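Engineer:
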Amino acid sequence: MSLVTDGVLAVIALAAFVGGLAVASAPLLLPFVAVGVLGTLVFEAIAFSHSDLVRQYWERPTVQLGTLAGAFVIVGIGIAVAPSRLLSAGIGALVTYLLVLSVVLVTVARS
């Protein structure tokens, strides 16, 4: 698993979510950012306990590109349906993921 590739994909997705929020002229809602943060922390804890299986799937380029495409679909739905709620949660999730990824990168660099 390439941490750099993961980071690049997350930054692209984050840009889409932030751009969607701007296009919708919607405010960032902190309670929904918190939902995204919590969701990412729970997901990462579960994924960590099954890291071999997660890595087996995630290393497939089709899974990575499909996930990014799914993020764009969520942005489109978010703009149309509930921009502040959905996009704020996505922003919270992606920022948290990038922070977790940063911790992993620092840990790997030190070892």
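Under full-length UniProt numbering, the first residue of the sequence shown carries the number 1, and numbering increases by one thereafter.
Built from N, CA and C at the ideal position, the CB exists for glycine as well.
All values derive from a computational prediction rather than experimental measurement.
Which residue's Cα is closest to the Cα of residue 20: 89, 108, 7?
Structural biologist: 89
Engineer: I'd like the span of the alpha helix (DSSP H) that includes residue 59, first residue to last.
Structural biologist: Run containing residue 59: none; DSSP gives neither H nor E here.
Engineer: Assuming contact is defined by CB atoms lying nearer than 7 Å, are residue 93 and residue 39 in contact in what I supplied?
Structural biologist: yes
Engineer: Three-state secondary structure (DSSP) at residue 80?
Structural biologist: helix
Engineer: Ordered along the chain, which non-local residues of its own chain (more than five positions away) have a Cβ less than 6 Å from that of residue 116?
Structural biologist: Here the chain has residues from 1 to 111 only, and residue 116 is not among them.
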